[in-house]
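K.L.:
Our numbering applies: residue 1 is where the sequence shown begins, and numbers increase by one.
C-beta atoms are modelled at their ideal positions from N, C-alpha and C, and glycine is treated no differently.
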Amino acid sequence: MIATNIAPESPDQPEIVAMLAASDRYHAGLYPQESNHLVGVADLLRGNVRFLVARTDSGAVVGCGGLVLADDAGIATAELKRMWADPSVRGQGVGRRLLAALEAVARDEGVSVVRLETGNRQPRVLRLYRAAGYIERAPFGAYADDPLSIFMEKPLAEA
1 MIATNIAPES
11 PDQPEIVAML
21 AASDRYHAGL
31 YPQESNHLVG
41 VADLLRGNVR
51 FLVARTDSGA
61 VVGCGGLVLA
71 DDAGIATAEL
81 KRMWADPSVR
91 GQGVGRRLLA
101 ALEAVARDEG
111 VSVVRLETGN
121 RQPRVLRLYR
131 AAGYIERAPF
141 GAYADDPLSI
151 FMEKPLAEA
């Protein structure tokens, strides 16, 4: 397991922009454009977004993820966006720790439910979310039903 430090950072740093571009290329190879629901750096800079970065002890960026805070009929929600672990560290717990850190931020923000959309061609990602307690649900927000998408959510217990 690789040692990482996870903290809030701005997503417009060059090494993070490069990581997001690598994520874009990866997803473009798996899904058609209409099934890719990736948000750009400008969206990640909005005031309702909380963005975390995982770095090694030497400072290398090895993962990132964001939460888009929202209100759904009076329920405080957050959508998980741009969750990504560098391929060099996959299987070493970075994604699991990053997800736990994002959930902690969501709790601190008063979020009751974290939701996400992911693709059905990413079995490792699906295992991560299921192991963390996420369950499948219907499309939410502006999402349309898509046979390549899997929608999930996790109610957050009060700490």
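If we ignore side chains and look at the alpha-carbon of each, how far apart do residue 93 and residue 103 end up?
P.N.:
Looking at the two C-alpha atoms, the distance is approximately 15 Å.
K.L.:
What residues are listed by DSSP as bridge partners for residue 63?
P.N.:
54, 85
K.L.:
Counting along the chain, where does the beta strand (DSSP E) carrying residue 142 start and finish?
P.N.:
Bounds of any beta strand (DSSP E) do not take in residue 142, whose DSSP letter is neither H nor E.
K.L.:
Using DSSP bridges, identify the partner residues of residue 25.
P.N.:
BP columns for residue 25 are empty, so no partner.
K.L.:
How would you label residue 75, buried or exposed, when you count the other beta carbons within 10 angstroms and need 16 or more for buried?
P.N.:
exposed
K.L.:
Return helix, strand or coil for residue 137, following the three-state DSSP convention.
P.N.:
strand
K.L.:
Following the continuous beta strand (DSSP E) through residue 95, name the residue where it begins and the one where it ends.
P.N.:
Not the beta strand (DSSP E): residue 95 falls in the alpha helix (DSSP H), residues 94-108.
K.L.:
In angstroms with no decimal places, state the Cα-to-Cα distance between residue 35 and residue 26.
P.N.:
13 Å
K.L.:
Considering only the alpha carbon of each residue, which of 79, 11, 33 lies closest to residue 156?
P.N.:
79
K.L.:
Looking at the unbroken beta strand (DSSP E) that takes in residue 114, where does it start and where does it end?
P.N.:
Where residue 114 is concerned, the enclosing beta strand (DSSP E) stretches over 113-119.
K.L.:
Which stretch, first to last residue, makes up the alpha helix (DSSP H) that contains residue 131?
P.N.:
123-131
K.L.:
Would you report the Cα separation of residue 90 and residue 146, rounded to the nearest angstrom?
P.N.:
27 Å
K.L.:
What does the alpha-carbon distance come out to for the pair residue 6 and residue 137?
P.N.:
Approximately 29 Å between the Cα atoms of the pair.
K.L.:
With DSSP run on the structure shown, which of helix, strand or coil describes residue 16?
P.N.:
Looking at residue 16 - three-state DSSP - the assignment turns out to be helix.
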